[in-house]
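Visitor: Numbered per my numbering, the sequence shown finishes at 306, counting up by one with no gaps.
C-beta atoms are modelled at their ideal positions from N, C-alpha and C, and glycine is treated no differently.
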Amino acid sequence: MKPGKVIVACMRNEALYVVEWVAHHLTVGFDRIVVYTNDCDDGTDRLLDLLGQDAPVEHHPNPGPYDTGSIQKQALHSAYQLDHVRQADWVLHIDADEFVNVTIGQRRIDDLVALYPDADAITLMWRHFGSAGKATWDGGSIIESFTRCEDPLPDLAAGGLVGFKTLFRPRSFGMMGVHSPKLPTGEGLPKVVNAAGVPMPVEKMLSLRGSDYAVGAHHLTWDNACLHHHHVKSDDLHRMKRARGDANGRRNGKRKIGSDFYNASNRNDVDLRSLVDLRPQVRLWEDRLRAIPGVKEQESAAWDWFRAQYQADVPAVAP
C-alpha cells in the first residue's frame, strides 16, 4: 500500500521520548515514519527496530561516510532515494523535539492539506516551548510536562527566532532539504503557502544552498497548524542534548544553557495545552507500541542510562 503521508527524521539519543513522538504523529494522521540514526548511546536505534516489528516505523542506520557533507543531509539524501518516500503524497522532515499541531477539523494532517488542494508545499512554523523552570525531568509525557510557550508571534525587527519546516509533495521537488524541499520539477514556480494560506517565498528552493525562508512579518502564523518546538526542556535533558550535539554532531556554545540561542528558544510566556487535549488518543497508540515485545524493556534501559549520565549529583557535561 502506498503510504500517503510520511515523516522523515534523524535521531541520536532520543529513546526517552520516541514512543510518545511516534504515537503522536500516527495519531494526527501520518502513515509511515522513517528514521535515520547515528552513534546512539541510549538504544534509540534498538528501540526503533523493535517498534518497526508491529508499527509503521522504519529504521535506517546512518553510520557514514557522509558524502553530502553532513550527517543530516546524508540521511535526507538516502531517504529521498526510497521509493515509498518519493511516491508518497506528502513528506515532512522534522526532528524528535518537534510535534505537529493541526488545530482545525479533526486535528489531522488531512484537514490541513484539504485547505490547499493545489499547493505543492505547506509550511509549518515553529512555536517555541520552554523549560517551565524545571531542573530535572521525572519522565512521562513531554507534551504534558512542558506546556509553557512563546506568545505573541516573534518580532522579526527585534531578532525573534523564526523557523519553518515544510510538508511537501515529493512529485514536485527533486531534493529534500532540512527546512524546505529543493529543485522544483514543474515548469513554473511551485505553489508554497503557509498554514494560513499566505504565499511563501520560493527563491531558496531553486538553489542547493540554504533551506530557510526569507520571510516578512506577514508570513508568520500559527493559524490552522504549527510545529510545537521543544528544543528546550528541563536542564538535565538539555545537558544530554548538548552532549549529543546538533543534527551534525557539533557541540558548541550556541546551545549552552543561558546562551542567546537557548534564551530565544526557552519561551515560557503562556500556558498552552492544545496538544494535551489529544493525549487520550495518543495514549491508545502508546499502549499499542509498548505492547510490542521488548519495547518497555528498551525504554527502561534508556532511562537507566539517562539517570546515570545526567541525573547524578555531578552532570556528565558542563551546562
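Rounded to whole angstroms, how far is the Cβ of F155 from the Cβ of V78, which I believe are closer than 8 Å?
Guide: Correct: roughly 6 Å between the Cβ atoms.
Visitor: What does the alpha-carbon distance come out to for the pair W290 and N0?
Guide: Their Cα atoms are separated by approximately 11 Å.
Visitor: Could you tell me the boundaries of the alpha helix (DSSP H) in which K11 lies?
Guide: A small fix is needed here, since residue 11 is His in this sequence, not Lys. That run of the alpha helix (DSSP H) goes V5 to T14.
Visitor: Starting from the Cα of K178, find the closest Cα among P104, V219, D138 and L271 and give me that residue.
Guide: Answer by Cα proximity: P104.
Visitor: Out of R294, F293, Q296 and E284, which has the shortest C-alpha to C-alpha gap to L37?
Guide: Out of R294, F293, Q296 and E284, E284 has the C-alpha closest to the C-alpha of L37.
Visitor: On a Cα-Cα basis, can you pick out the residue from S167, R270, V282 and Y297 that is closest to G127?
Guide: For G127, the nearest C-alpha among the options comes from R270.
Visitor: Are there 16 or more other CB atoms within 10 angstroms of the CB of A2, so buried, or fewer, so exposed?
Guide: Classification of A2: buried, given that the 10 Å Cβ count is 16 or more.
Visitor: Enumerate in chain order the residues of its own chain whose CB-to-CB distance from I120 is below 8 Å, with the five nearest sequence positions on each side excluded.
Guide: In the sequence as presented, Ile is not what sits at residue 120; that position holds Gly. Answer for G120: N255, listed in chain order.
Visitor: Does the stretch 169 to 186 come within contact of the stretch 10 to 19, defined as at least 3 CB pairs closer than 8 Å?
Guide: Verdict: no, contact absent.
Visitor: Restricting to Cα atoms, I'd like to know which of I96, R33, K(-8) and S132 is closest to R260.
Guide: The shortest Cα separation from R260 among I96, R33, K(-8) and S132 belongs to S132.
Visitor: Run the CB neighbour count on N49, radius 10 Å, all protein chains shown included, and call it buried at 16 or more, exposed below.
Guide: Buried.
Visitor: Please tell me whether G117 and S246 are closer than 9 Å, where the distance is taken between their beta carbons.
Guide: Not a contact, by the Cβ cut-off of 9 Å.
Visitor: Could you name each continuous alpha helix (DSSP H) segment of 4 residues or more that falls completely within the stretch 213 to 292, going from the start of the chain to the end?
Guide: Taking only runs of at least 4 residues, the alpha helix (DSSP H) segments lying wholly in the stretch 213 to 292 are 222 to 231, 247 to 252 and 266 to 277.
Visitor: Secondary structure at Y23, three-state DSSP: helix, strand or coil?
Guide: DSSP places Y23 in strand when its eight states are reduced to three.
Visitor: Does the stretch 66 to 81 come close enough to the stretch -11 to -2 that 3 or more CB-CB pairs lie under 8 Å?
Guide: With a cut-off of 8 Å, the stretch 66 to 81 and the stretch -11 to -2 count as touching, because enough Cβ pairs lie within range.
Visitor: Under the three-state reduction of DSSP, which class applies to H47: helix, strand or coil?
Guide: Three-state result, H47: strand.
Visitor: Ordered along the chain, which non-local residues of its own chain (more than five positions away) have a Cβ less than 7 Å from that of G281?
Guide: Taken in chain order, the residues that qualify are L37.
Visitor: Here's a check: name, in chain order, each residue in its chain whose Cβ is nearer than 6 Å to the Cβ of L63, leaving out the five neighbours to either side.
Guide: Here the set comprises M163.
Visitor: What is the rounded straight-line gap between the Cα of V149 and the Cα of W209?
Guide: For V149 and W209, the distance between alpha carbons rounds to 12 Å.
Visitor: With a Cβ-Cβ cutoff of 9 Å, do A230 and N211 count as a contact?
Guide: In this structure, N211 does not lie closer than 9 Å to A230 by Cβ.
Visitor: To the nearest angstrom, how far is it from the Cα of R33 to the Cα of S198?
Guide: Straight-line Cα distance between these residues: approximately 31 Å.
Visitor: Could you have a look at E190 and say whether DSSP puts it in helix, strand or coil?
Guide: It is helical.
Visitor: Quick one: what's got a C-beta closer than 8 Å to H217's C-beta in the same chain, skipping five residues either side?
Guide: Result list for H217: D84, E85, F86, F116, I129 and F133, in chain order.
Visitor: What runs of the beta strand (DSSP E), each 3 residues or longer, lie entirely inside the stretch 102 to 181?
Guide: DSSP runs (the beta strand (DSSP E)) wholly in the stretch 102 to 181: 108 to 115, 151 to 155, 160 to 163, 168 to 171 and 179 to 181.
Visitor: Report the rounded CA-to-CA distance for R158 versus S167, giving the unit in angstroms.
Guide: Looking at the two C-alpha atoms, the distance is approximately 14 Å.
Visitor: Which class does I(-6) belong to by DSSP, given the choice of helix, strand or coil?
Guide: Here I(-6) sits in strand by DSSP.
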